[in-house]
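So the structure is just underneath, and the comments pick up after that.
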Amino acid sequence: MGDFFRKAVKNRTDDYHAILFETRLLGQKAVCISGEEAVKMFYDPEKFKRNGAVPKRIQKTLFGENAIQTLDGKEHLHRKALFLSLMGPDAQQHLAQMVRAAWEARIPEWEQKDRIVLFDIQHVKKKTPAG
Numbered sequence: 001m002g003d004f005f006r007k008a009v010k011n012r013t014d015d016y017h018a019i020l021f022e023t024r025l026l027g028q029k030a031v032c033i034s035g036e037e038a039v040k041m042f043y044d045p046e047k048f049k050r051n052g053a054v055p056k057r058i059q060k061t062l063f064g065e066n067a068i069q070t071l072d073g074k075e076h077l078h079r080k081a082l083f084l085s086l087m088g089p090d091a092q093q094h095l096a097q098m099v100r101a102a103w104e105a106r107i108p109e110w111e112q113k114d115r116i117v118l119f120d121i122q123h124v125k126k127k128t129p130a131g
C-alpha cells in the first residue's frame, strides 16, 4: 500500500511540476510532498511543528503519548536517537530478550487468570538497550 501512495504522490508532483500539492485523504484535507527539497523543508524545525499535529485519540491508541511523531526540538532529536540506537542487530536481539524475559516473568500471574487483555499489559518499561 505504501508503494502505491509513494508512486501516486510522485506522479502528481511530477505532473504539477511542484514539490507539494493539497488533496483529501479519507475525507480530510492533506498536503503531500515529494522530492529532496520537500524533505529538507519538512525536516526544518522552523517550518514544521509536530506537537499538536496528531489528535490525542490517535496518540492514545496508535502512536502513544509523547511519541517521536509528537515531539519537537531537542526532545524529538533525543527520542529519535534512542530509537535509532535500537535499529542494529545486537540492540534488536537485546531488546527482544528483554521483552521475552519481562513477559515470561508474568506467566505465573497470567496462568491464574481466565482472560488476559494484551493491550492492557503491553506497557513497555523505560530502559536503555544497554540495560
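In case it helps, the UniProt record's numbering puts the sequence shown at residues 1 to 131. Don't be surprised by glycine CBs; every beta carbon is placed ideally from N, CA and C.
Item: Cα-Cα separation, PHE5 to ARG50; Value: 22 Å
Item: SER85, buried or exposed, once every other Cβ within 10 Å from all chains shown has been counted against 16; Value: exposed
Item: Within 8 Å, strictly: CB atoms of LEU20 and ALA38; Value: yes
Item: Residue span of the beta strand (DSSP E) that contains LYS29, given as start and end; Value: 28-33
Item: Residue nearest to TRP103 in terms of C-alpha spacing, selected from ILE121, PRO89, ARG12 and ARG115; Value: ILE121
Item: Alpha-carbon spacing of ALA130 relative to LEU71, whole angstroms; Value: With a pLDDT of 47 at ALA130, under the threshold of 50, the modelled position of this residue cannot be trusted; read the value that follows with caution. Roughly 24 Å separates the two Cα atoms.
Item: Continuous beta strand (DSSP E) stretch holding PHE23: start and end; Value: The sequence given here places Thr at residue 23; Phe does not occur at that position. THR23 -> beta strand (DSSP E) spans 20-25.
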